[in-house]
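Report on the structure given below.
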Amino acid sequence: MELIFLGTSAGVPTRSRNVTAILLDLQHPTRGGLWLFDCGEGTQHQLLHTPYHPGKLDKIFITHLHGDHLFGLPGLLCSRSMAGIASPLTIYGPAGVREFVDTALRLSGSWTDYPLEIVEIAEG
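Quick note on the working numbering: the sequence shown kicks off at -13 and runs consecutively.
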């Protein structure tokens, strides 16, 4: 298992730190598993500085609906489509994450070309 910190800054990025995003490579011999925890703005750019490809992501967990934890999500989702990624992706997050994703994609005229499941988790 490997943990990669893509962003550790607070509410706004700094010159040397991106906002919140942590990548977990489960390194399972047969199933693999690449999970992203939070997706602040600039996360997909930070991902470019690693050996990991967005197409390998299979789960994204959004901890809460503050911008520094999810403003990078629409861009990352669209970039996967533009790259021709067909593998499914599941997003887990609090109530409202589905509305955020659906609204961002609809208003920007964007879409995903892969199976996208959004699972909203109740508090508690």
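By construction, the Cβ of each residue, glycine as well, lies at the ideal position given by its N, Cα and C atoms.
For Tyr100, which residues of its own chain have a beta-carbon under 8 angstroms away from its beta-carbon, when the five flanking residues on both sides are left out? So the list reads Arg66, Ser67, Ile71, Ala72, Ser73, Pro74, Leu75, once near-sequence residues are dropped.
Nearest to Leu(-11) by CA position, among Leu10, Trp21, Phe23, Glu27, is which residue? When only C-alpha atoms are compared, the closest one is Leu10.
Between the stretch 85 to 93 and the stretch 27 to 36, do at least 3 Cβ pairs fall closer than 8 angstroms? Output reads no: the stretch 27 to 36 does not touch the stretch 85 to 93.
Are the CB atoms of Leu20 and Ile8 within a distance shorter than 9 angstroms? In terms of Cβ geometry, Ile8 and Leu20 do not form a close pair [threshold 9 angstroms].
Quick one, which of Ala(-4), Thr98, Gly95 has its alpha-carbon nearest Cys25's? Distances from the CA of Cys25 to each of Ala(-4), Thr98, Gly95 were compared; the closest alpha carbon is that of Ala(-4).
Which first and last residues belong to the beta strand (DSSP E) in which Gly61 is found? For Gly61, there is no enclosing beta strand (DSSP E); the residue is part of the alpha helix (DSSP H) that begins and ends at 59 to 68.
Buried or exposed for Val5, going by 16 or more other Cβ atoms inside 10 Å? With 16 or more other Cβ atoms within 10 Å, it is buried.
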